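Numbering (my numbering), first residue to last: 339 to 518.
All C-beta atoms in this analysis are idealised placements derived from N, C-alpha and C, irrespective of residue type, glycine included.
Keep in mind it's a predicted model, so treat the numbers as computed, not measured.
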């Protein structure tokens with residue numbers, strides 16, 4: 339702790355600089371799983387640092403303003419999901435001035451990040467299995483050619499008169515004799 343104070347100043351300044359770094363990071367775009375995972379990890383690290391610096395009832399950790407500003411970095415559907423999470427836990431129905439805190443956000447982000455990782459693994463597994471089935475199906479289907487005999491019928495209307503007899507077999511060129 340002393341080394342941190344020498345390097346960064348008072349614990350409160352260190353906490354403020356970490357919060358500012360998170361707030362100055364770019365917004366998380368819809369579908370950017372890597373950025374979301376990084377954001378979740380950084381919030382969790384911030385909460386761990388605040389717990390060690392200020393304890394579980396610390397001022398920075400309990401600040402709903404920090405949570406609101408961090409939530410503004412997320413797409414709307416994530417913000418809505420966090421509110422649903424709080425409602426299911428009964429946190430928004432309390433008369434408290436601080437119904438949620440950074441610890442709540444970090445816990446929710448962990449759950450969402452884990453769900454995202456599992457979802458990605460499931461989709462990758464499905465795509466891999468589908469590709470294997472597709473490759474096996476291609477191997478099982480043997481291509482075959484179908485040759486049709488066309489020499490028995492020649493459309494003489496499309497051929498010049500001198501070429502038409504040459505295209506016929508000898509038995510087709512000579513008309514049957516009536517005398518035979």
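Spatial neighbours of residue 430 within its chain, please: CB distance less than 6 Å, with the 5 preceding and 5 following residues excluded, ordered by chain position. On the chain shown, position 92 is the one that residue 430 refers to. Same-chain partners within the cutoff: 424, 437.
Using only alpha-carbon positions, find the residue among 457, 426, 447, 411 that is nearest to residue 359. In the chain shown, counting from the first residue as 1, residue 359 sits at position 21. Cα-wise, what sits closest to residue 359 is 411.
Whole alpha helix (DSSP H) runs in the stretch 354 to 402 with 4 or more residues, listed along the chain? 371 to 392
Quick one, are the C-beta atoms of residue 471 and residue 440 less than 7 Å apart? The sequence position of residue 471 within the chain shown is 133, counting from 1. The sequence position of residue 440 within the chain shown is 102, counting from 1. It is not a contact, given that the beta carbons lie outside the stated cut-off.
Would residue 418 be called buried (16 or more neighbouring beta carbons within 10 Å of its own) or exposed? Taking the first residue of the chain shown as 1, we reach residue 418 at position 80. Label assigned to residue 418: exposed.
Checking 7 Å against the spacing of the C-beta atoms, do residue 454 and residue 371 come in under that value? The count along the chain shown starts at 1 and reaches residue 454 at position 116. The count along the chain shown starts at 1 and reaches residue 371 at position 33. Yes, the Cβ-Cβ distance between residue 454 and residue 371 is below 7 Å.
Coarse secondary structure for residue 459, derived from DSSP in three states: Walking along the chain shown from the start, residue 459 turns up at place 121. Three-state result, residue 459: helix.
If you draw a straight line from the alpha carbon of residue 341 to that of residue 351, how long is it in whole angstroms? Counting from one through the chain shown, the residue named residue 341 turns up at place 3. Counting from one through the chain shown, the residue named residue 351 turns up at place 13. Their Cα atoms are separated by approximately 14 Å.
What does the alpha-carbon distance come out to for the pair residue 302 and residue 345? Within the shown structure, residues of the chain are numbered from 339 to 518, placing residue 302 beyond reach of any answer.
For residue 425, report the span of its alpha helix (DSSP H) as first-last. Start at 1 with the first residue of the chain shown, and residue 425 comes out as number 87. Run containing residue 425: 414 to 426, per the alpha helix (DSSP H) assignment.
Among residues of its own chain, excluding the 5 on either side of residue 448, which ones have a beta-carbon nearer than 7 Å to its beta-carbon? Residue mapping note: residue 448 aligns to position 110 of the chain shown, counting from 1. 378, 382.
I need the straight-line Cα distance from residue 427 to residue 451, nearest angstrom please. What you label residue 427 is simply residue 89 of the chain shown in a count that begins at 1. What you label residue 451 is simply residue 113 of the chain shown in a count that begins at 1. If you take the alpha carbons of residue 427 and residue 451, they lie about 19 Å apart.
If you count every other CB in all the chains shown that lies within 10 Å of the CB of residue 398, and 16 or more means buried, which is it? In the chain shown, counting from the first residue as 1, residue 398 sits at position 60. Per the 10 Å Cβ criterion, buried.
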